[in-house]
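>
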Amino acid sequence: MQNIELLHSELNNKHYGYGRTDIVQQGWGNVLEVYDPFGNRIRFCQY
Numbered sequence: 029m030q031n032i033e034l035l036h037s038e039l040n041n042k043h044y045g046y047g048r049t050d051i052v053q054q055g056w057g058n059v060l061e062v063y064d065p066f067g068n069r070i071r072f073c074q075y
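Heads up: the sequence shown at position 41 corresponds to 69 in my numbering, and the numbers run straight through without jumps.
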């Protein structure tokens, strides 16, 4: 994925209770994990 910071900003601006998250920096890239209302975890990765 490209521009993970933009996605993070868009999700936080919507004020979803379950969608607020931070970008985690890993050794291989950045990860943004989002939980949906059903408890599923969706990971967005930027290398």
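Think of the CB as a built atom: it goes at the ideal place given N, C-alpha and C, for glycine as much as any other residue.
Using the beta-carbon count (16 or more within 10 Å), is Leu60 buried or exposed?
Counting Cβ neighbours within 10 Å, Leu60 comes out buried, since at least 16 surround it.
> Here's the rule: buried if 16 or more other CB atoms are within 10 angstroms of the residue's CB, otherwise exposed. What is His36?
Under this definition His36 is a buried residue.
> For Asn31, name the three-state secondary structure that DSSP assigns.
Reduced to three states, the DSSP call for Asn31 is coil.
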